[in-house]
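The sequence shown lines up with residues 8 to 274 when you count with this note's numbering. Virtual Cβ for every residue (Gly too), placed ideally from N, Cα, C. These figures come from a predicted structure and were not determined experimentally.
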Amino acid sequence: MAVKLEIAGVSKHYPGHDGISVHALDGVSFGIEDGEFVSLLGPSGCGKSTLLHILAGFEAATAGRVVLDGRPISGPGADRGMVFQDYALFPWKTLIENVTFGLELRGMTRDERERIARDYIALVGLTGFENRFPHQLSGGMRQRCALARSVANSPEVLLMDEPLAAIDALTRNQLQEEILKVCAARDGVPRKTVVYVTHSIDEAVFLSDRIVVMTPRPGRILQVLEVPFGYPRTDATRLDSRFSPLVAEIWQTLKVHMVQAIDSGRN
Ligand SMILES: Nc1ncnc2c1ncn2[C@@H]1O[C@H](COP(=O)(O)OP(=O)(O)O)[C@@H](O)[C@H]1O
Ligand SMILES: [Mg+2]
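Structure, rendered in structure tokens:
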């Protein structure tokens, strides 16, 4: 498969208030294939959001480059869709208006954008709630709406920053399946390329083709792992005899690193 997104030698320093800069990323390199689901996994402060913001074009790398479909990323663009933890929905727009907003900007007719919006609203299980406002929806429903909105705009790459971190544990499992459903190939639309940020090992294993394990101070890649499960993923995936050992192995790797970091005074 072709490399869709290339991250090559990316480092990021943020200027500090006191003249001491924060070294958020250090020499991060990996490629993401077309249609691949890759998670960035690591403890808080390891530069996951920073890397996602560089991919989104919100931040520039201090060194290195990020290339999408052969073109260097130099700013935000409609070829990348974002889903954040806090939904970022327009509170004054209804669910369907939130989903059609981006399509309207692209100059689609009302009929066309409503057809696409209803299709994605159905896909995330929100049919019947089209005219509700965000405050009339649960957190899980708001995140479904944000997901429908991003995917309806058919971005080349979907960038998600801990979209389920604020969702209760029971709803979270269900939403993980919804995310995969929305990103799967269907009706001639190819499978989405996804970069997904999480600090949950279980979540990364359940969702991903590959997991990029990161460690902080400075943010670096510790390990890149292939997940052995095919798609679709279901409750049977969580019960697979390889699931828990893989979660345990990743946790051990991270733990060893974190203990070493404490010993060397870096934590
Ligand atoms: N805008 C910013 N200005 C200064 N420092 C920042 C900024 N954003 C993030 N950082 C610092 O960069 C490091 C990585 O942060 P971040 O990318 O948010 O990590 P993560 O998402 O993995 O928790 C942290 O030490 C954080 O404090
Ligand atoms: Mg973050």
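Membership of Arg-227 in the beta strand (DSSP E) is indicated by the continuous run 227 to 233. Taking a 10 Å sphere around the C-beta of Gln-183, we find 16 or more other C-beta atoms and assign the residue as buried.
Restricting attention to Ile-103, Leu-12, Ser-18 and Phe-91, the CA atom closest to the CA of Asp-76 is found in Leu-12.
If one requires a minimum length of 4 residues, the alpha helix (DSSP H) runs lying completely within the stretch 28 to 103 are 55 to 63, in chain order.
If you check the C-beta of Lys-55 against ligand 1, you find a heavy atom less than 8 angstroms away.
By the C-beta criterion, the stretch 168 to 180 is judged not to be in contact with the stretch 121 to 139, since fewer than 3 inter-stretch pairs fall below 8 angstroms. At a cut-off of 8 angstroms, the beta-carbon of Glu-169 counts as near ligand 2: some heavy atom of the ligand is closer than that. Excluding residues up to 5 positions away in sequence, Arg-120 and Ala-124 lie with their Cβ nearer than 6 angstroms to the Cβ of Thr-107 in the same chain. If you look at Ala-15, you'll find it in the beta strand (DSSP E) that goes 10 to 21.
A distance below 9 angstroms separates the beta carbons of Leu-96 and Pro-141.
For Thr-178, the enclosing alpha helix (DSSP H) covers residues 176 to 190.
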